[in-house]
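Here is the structure we will look at.
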Amino acid sequence: MAPQQSSQTSTSRVPLWRQPTFRAILFQVLLVLGILAFGYYLLSNTLDNMERRGITTGFGFLSNEAGFGILKSLIDYDETHTYGRTFLVGLLNTLLVAGLGIVFATFIGFFMGVARLSKNWLVARLATVYIETFRNIPLLLQIMFWYFAVLRPLPRPRQSLNLGDAVFLNNRGLFVPQPVAEQGFWLVVTTLAVAVALVVFIARWAHRRQDATGQQFPIVSVGIALIVGLPLVVFWLSGSPMHLEYPALKGFNFRGGMEVIPELAALVLALSIYTGAFIAEAVRSGILSVTHGQTEAAYALGLKPRVTLKLVIIPQAMRVIIPQLTSQYLNLTKNSSLATAIGYPDLVNVFAGTTLNQTGQAVEVIAMTMGVYLAISLVISMFMNWYNKRKMLVER
Amino acid sequence: MNSRLVIGASVAAALSLSTTAHAGKTLEAVKAKGYVQCGVSTGLPGFSAADEKGQFTGLDVDVCRAVAAAIFGDAGKVKYSPLTAKERFTALQSGEVDMLSRNTTWTYTRDTSLGLNFTGVNYYDGQGFLVTKDLGVKSALEMDGASFCIQAGTTTELNLADYFRANKMQYTPITFDTSDQTIKAFEAGRCDALTSDQSQLYALRIKLKDPNSAMVLPEVISKEPLGPVVRQGDDEWLNIVKWSLFAMVNAEELGVTSENVDEMKAKSTDPNVRRLLGIEGVKGEWMGLPDEWGYSIVKHVGNYGEAFDRNVGKGSPLGISRGLNALWSKGGIQYAPPIR
Chain P
1 MAPQQSSQTS
11 TSRVPLWRQP
21 TFRAILFQVL
31 LVLGILAFGY
41 YLLSNTLDNM
51 ERRGITTGFG
61 FLSNEAGFGI
71 LKSLIDYDET
81 HTYGRTFLVG
91 LLNTLLVAGL
101 GIVFATFIGF
111 FMGVARLSKN
121 WLVARLATVY
131 IETFRNIPLL
141 LQIMFWYFAV
151 LRPLPRPRQS
161 LNLGDAVFLN
171 NRGLFVPQPV
181 AEQGFWLVVT
191 TLAVAVALVV
201 FIARWAHRRQ
211 DATGQQFPIV
221 SVGIALIVGL
231 PLVVFWLSGS
241 PMHLEYPALK
251 GFNFRGGMEV
261 IPELAALVLA
271 LSIYTGAFIA
281 EAVRSGILSV
291 THGQTEAAYA
301 LGLKPRVTLK
311 LVIIPQAMRV
321 IIPQLTSQYL
331 NLTKNSSLAT
341 AIGYPDLVNV
351 FAGTTLNQTG
361 QAVEVIAMTM
371 GVYLAISLVI
381 SMFMNWYNKR
391 KMLVER
Chain B
1 MNSRLVIGAS
11 VAAALSLSTT
21 AHAGKTLEAV
31 KAKGYVQCGV
41 STGLPGFSAA
51 DEKGQFTGLD
61 VDVCRAVAAA
71 IFGDAGKVKY
81 SPLTAKERFT
91 ALQSGEVDML
101 SRNTTWTYTR
111 DTSLGLNFTG
121 VNYYDGQGFL
131 VTKDLGVKSA
141 LEMDGASFCI
151 QAGTTTELNL
161 ADYFRANKMQ
171 YTPITFDTSD
181 QTIKAFEAGR
191 CDALTSDQSQ
201 LYALRIKLKD
211 PNSAMVLPEV
221 ISKEPLGPVV
231 RQGDDEWLNI
241 VKWSLFAMVN
251 AEELGVTSEN
261 VDEMKAKSTD
271 PNVRRLLGIE
281 GVKGEWMGLP
291 DEWGYSIVKH
301 VGNYGEAFDR
311 NVGKGSPLGI
321 SRGLNALWSK
331 GGIQYAPPIR
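Protein sequences appear in the order of chains P and B. Residue 1 is where the first sequence starts when you use the numbering used here, and the numbers rise one by one after that. Residue 1 is where the second sequence starts when you use the numbering used here, and the numbers rise one by one after that.
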């Protein structure tokens with residue numbers, strides 16, 4: 001016998017407060033409102049207190065004159081520029097250190113990771129020693145070590161080590177000649193762009209030909225020859241529109257030329273070696289994650305170990321390596337803020353250090369600095385996630 | 001459902017605590033906790049430095065001790081927070097320290113835009129340069145293109161920029177967090193000269209392995225009146241710190257020292273001395289303090305001259321002469337309003 005239907009048929013109304021979906025939405029809305037209200041309360045309380053104590057608020061200070069000098073700036077800067085400009089200078093210096101650090105750390109990491117898996121006992125042990133040592137010493141100590149190890153042995157400017165009249169090394173930095181572009185240099189630059197486009201086109205054509213006929217084409221060597229050769233030829237033909245500005249000792253220091261300050265060198269060294277050790281472990285974990293069957297199958301087909309590594313193992317290992325790589329890149333970027341310990345003028349040193357102290361507006365300055373680091377980290381994350389999606393294995 | 005209720009309830013509870021946080025009365029807070037929290041430097045000999053036992057001494061330290069002596073009758077009721085130049089103002093603004101006695105220069109920007117008040121000048125100073133003798137430089141005007149080690153976030157950076165701009169010379173600044181790092185970098189040869197307040201230069205020179213290898217150039221390129229700082233909005237506390245320093249200067253003017261203060265208290269007939277020591281005339285309760293606040297200061301810390309001599313003057317390794325910091329009646333400009 002069919003059970004009697006209760007009064008709760010699908011046509012009768014369930015009270016609103018008993019509907020699960022309504023309740024779910026209600027509580028979520030209340031929670032969001034609660035969080036927003038809490039955030040607003042924090043903000044208004046802070047502003048209220050600051051006003052009560054007579055502390056100036058707002059971002060107007062960014063257009064005030066800075067009045068202090070900065071050791072090294074990638075863009076034009078002197079004391080008459082604004083605090084907003086010091087923010088840009090610090091930001092560019094941070095990006096420079098982070099960029100160089102990421103590039104070197106990746107090279108060191110991949111090399112050491114593969115080395116640790118080498119069949120050669122000595123190479124594998126040396127890589128292990130490197131990884132274990134540099135992973136376990138705090139980064140700040142490493143930075144100070146490189147700074148004093150780099151700085152102390154170098155001579156003073158008047159007794160610089162020099163390579164002819166062009167390259168000078170002393171404890172103020174490494175001075176190399178700077179290429180200064182003259183009239184007509186734009187032609188060389190356009191040729192370079194054309195060469196790059198040409199190489200991309202050739203690479204595409206070569207891959208299609210290999211897919212169709214199996215014939216290989218030396219893309220790498222031809223590509224390098226084009227990118228280096230074409231602009232060089234155009235350069236010679238157009239009468240070498242470039243001269244070198246040599247560094248010269250004037251009074252106390254060298255003027256002219258390009259300068260690599262010891263703070264930058266020490267920071268990049270310390271960051272790359274430290275992060276490289278972590279990346280090495282990530283690479284090793286990636287390579288070990290590829291099943292041994294793949295290696296054996298590749299050898300069975302007659303592929304040499306180097307080719308196997310390059311074409312079979314690493315592409316599959318990248319799935320595992322890339323997320324860890326993202327974390328390490330983010331770590332490196334944030335660790336670059338330790339530059340304040342050795343006086344490298346990065347964002348934290350220049351903006352959250354000197355500008356904060358001169359203007360006294362701690363809340364705004366720190367908020368801006370945190371926002372910048374968050375933005376940089378998100379950009380790196382986004383790029384790596386996009387790359388990861390491209391490399392992911394698609395299950396059929 | 002349960003966790004959501006818990007979250008909702010706690011948010012509501014947090015919102016109900018909607019009283020805005022107060023900038024409370026400093027004297028009440030200090031009396032309640034029983035000591036003065038004093039912001040000092042991370043280690044500047046003569047002004048505020050910790051010795052090997054961890055005891056702080058120095059001219060700035062003595063100002064804090066004087067305030068503690070005035071409030072509690074005991075100069076030892078002070079706790080010290082070593083602060084770098086970058087964090088000192090934030091520490092004071094946020095209430096982490098009750099007063100800042102950290103060789104801080106009194107400037108328009110700091111007095112107006114930071115929500116702070118300067119209470120007086122305990123050391124009149126100026127900015128100078130420290131160079132090695134074998135650099136062969138006799139004047140700051142010969143230093144076009146040189147590099148300078150500076151402490152970040154100080155008036156030093158600004159004054160250096162102004163001086164070189166005015167004289168149309170170039171320079172390279174290398175900034176560090178603490179004065180210790182500046183002297184180490186100077187010794188390593190990273191910079192040609194060290195620039196800071198002259199009193200700091202003499203203090204830092206002692207830290208070199210060979211102090212005689214460095215010399216202070218004659219140029220003084222700025223005015224640096226150094227003094228204690230308190231938060232705005234608490235006039236009573238401002239008065240206490242201000243008059244503690246004035247009491248020390250007045251005591252030196254009247255000839256009252258830590259040695260003869262008991263005798264003076266018992267026997268002196270000079271009305272100025274009697275007012276300073278709280279025997280007659282003025283009342284300590286106008287500042288919320290006991291009447292003997294002046295007596296306590298001179299007994300436990302000494303007068304300004306004694307503090308100067310033992311910390312930075314003839315009785316100390318720095319050996320700085322009184323110069324501008326002598327009393328107004330002796331050729332300097334230390335001048336305190338009368339206690340009457």
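All C-beta atoms in this analysis are idealised placements derived from N, C-alpha and C, irrespective of residue type, glycine included.
Exposed or buried, what is residue i when buried is set at 16 or more other beta-carbons lying within 10 Å of its beta-carbon?
| i | result |
| --- | --- |
| B/Leu130 | buried |
| P/His207 | exposed |
| B/Lys242 | buried |
| P/Tyr77 | buried |
| B/Pro228 | buried |
| B/Glu96 | exposed |
| B/Ser329 | exposed |
| B/Lys265 | buried |
| P/Ile25 | exposed |
| B/Gly136 | exposed |
| B/Ser199 | buried |
| B/Asn325 | buried |
| P/Gln358 | buried |
| B/Glu259 | exposed |
| P/Gly360 | buried |
| B/Trp293 | buried |
| B/Gly24 | Summary for B/Gly24: the model assigns pLDDT 42, below 50, so the residue's position carries little reliability; its value from the coordinates is reported in the next sentence. Exposed. |
| B/Glu28 | exposed |
| B/Leu92 | buried |
| P/Asn482 | This structure leaves residue 482 of chain P out entirely; chain P is present only between 1 and 396. |
| B/Val312 | buried |
Taking C-beta pairs closer than 7 Å, name the residues in chain C that residue i reaches, listed in chain order.
| i | result |
| --- | --- |
| B/Phe246 | Protein chains in the displayed structure are P and B, and chain C is not among them. |
Have a look at the DSSP bridge pairing and note the partners of residue i.
| i | result |
| --- | --- |
| B/Ala193 | B/Val131, B/Phe148 |
| B/Ser81 | B/Gly39 |
| P/Leu244 | P/Pro179 |
| B/Met215 | B/Val131 |
| P/Lys250 | P/Asn253 |
| P/Glu259 | P/Phe175 |
| P/Val167 | P/Leu163 |
| B/Asp125 | B/Glu224 |
So, are the CB atoms of residue i and residue j less than 7 Å apart?
| i | j | result |
| --- | --- | --- |
| B/Pro173 | B/Ile150 | yes |
| B/Thr84 | B/Thr178 | yes |
| P/Leu187 | P/Asn171 | no |
| B/Ala214 | B/Thr132 | yes |
| B/Asn117 | B/Gln232 | yes |
| B/Thr26 | B/Asp234 | yes |
| B/Lys209 | B/Val261 | no |
| P/Glu263 | B/Ala161 | no |
| P/Gly251 | B/Gly145 | yes |
| B/Asn159 | B/Ile71 | no |
| P/Gly257 | P/Pro138 | no |
| B/Arg65 | B/Ala75 | yes |
| B/Gly305 | P/Arg53 | no |
| P/Lys410 | P/Met318 | The structure shown does not extend to residue 410 of chain P, since chain P is modelled only from 1 to 396, so the question has no answer here. |
| B/Val121 | B/Pro225 | yes |
Could you check which residue in the options has the C-alpha nearest to that of residue i?
| i | options | result |
| --- | --- | --- |
| B/Pro82 | B/Gln127, B/Ala75, B/Gly58 | B/Gly58 |
| P/Arg158 | P/Leu338, P/Asn253, P/Gly109 | P/Asn253 |
| P/Pro305 | P/Ala66, P/Asn93, P/Arg204, P/Lys119 | P/Lys119 |
| B/Val301 | B/Gly39, B/Leu27, B/Ala50, B/Val78 | B/Val78 |
| P/Glu182 | P/His243, P/Pro345, P/Lys334 | P/His243 |
| P/Asn162 | P/Ala265, P/Ile366, P/Gly360, P/Pro247 | P/Pro247 |
| B/Gly331 | B/Lys86, B/Glu253, B/Asn303, B/Lys314 | B/Glu253 |
| P/Ile261 | P/Val97, P/Val14, P/Ala282 | P/Val97 |
| B/Thr257 | B/Ala307, B/Phe246, B/Leu245 | B/Ala307 |
Is it true that the segment 287–304 of chain P meets the segment 222–241 of chain P, where meeting means three or more beta-carbon pairs spaced less than 8 Å apart? no
Specify whether the segment 289–296 of chain P and the segment 368–379 of chain P touch according to this definition: at least 3 beta carbon pairs, one from each stretch, less than 8 Å apart. no
For the structure I just gave you, are there three or more beta carbon pairs, one from the segment 340–357 of chain P and one from the segment 89–102 of chain P, closer than 8 Å? yes
Inter-stretch contact (C-beta, 8 Å, three-pair minimum) for the segment 315–324 of chain B and the segment 265–278 of chain B: no
Any contact between the segment 58–67 of chain P and the segment 324–337 of chain P? By contact I mean 3 or more CB pairs, one from each, below 8 Å. no
Using 8 Å as the cut-off, can you tell me whether the segment 226–234 of chain P makes contact with the segment 265–272 of chain P, which would need three or more C-beta pairs spanning the two stretches below that distance? no
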